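Undergrad:
Numbering (this note's numbering), first residue to last: 22 to 133.
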């Protein structure tokens, strides 16, 4: 029993030594994932377009604004495509939707 306890302690020590010799590498994130910016309140998402350009979408949750940029891989040019304040968009209960619309669902639920 005493020999087994010593073996467990020695094994644990070896594991700790080996683990210390090979530190865990820092995490790697995909290039298309949201990235950290100087202002942590901004959200940026990059995606590839079919024509080879990159699209960068920047969302400012505080201002409720969205900006879309295209990046040309040939020369690195950054072109603003659109900017929109989405505050009023988010006030609508539906737009360009299909049946059942939110009002129809609410009516059905209130009947029961």
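Ideal placement from N, C-alpha and C gives every residue a C-beta, glycine not left out.
Treat the numbers as computed from the prediction; the structure is a model and nothing was measured.
Output the boundary residues of the alpha helix (DSSP H) element that contains residue 126.
TA: 123-132
Undergrad: Hey, out of 77, 66, 107 and 96, whose CA is closest to residue 84's CA?
TA: Minimum Cα-Cα distance from residue 84 among the listed residues 77, 66, 107 and 96 corresponds to 107.
Undergrad: Let's see if you can read the secondary structure: which residues bound the beta strand (DSSP E) around residue 65?
TA: 64-69
Undergrad: Kindly confirm or deny that the region 70-81 and the region 93-100 touch, where touching means at least three C-beta pairs closer than 8 Å.
TA: yes
Undergrad: Rounded to whole angstroms, how far is the Cβ of residue 101 from the Cβ of residue 79, which I believe are closer than 8 Å?
TA: In fact, because the Cβ distance is near 10 Å, the residues do not count as touching under 8 Å.
Undergrad: Give me the residue from 87, 91, 82 and 61 with the minimum Cα distance to residue 68.
TA: Taking only the C-alpha atoms, the option nearest residue 68 is 91.
Undergrad: DSSP puts residue 89 in a beta bridge; with which residues?
TA: 78 and 103
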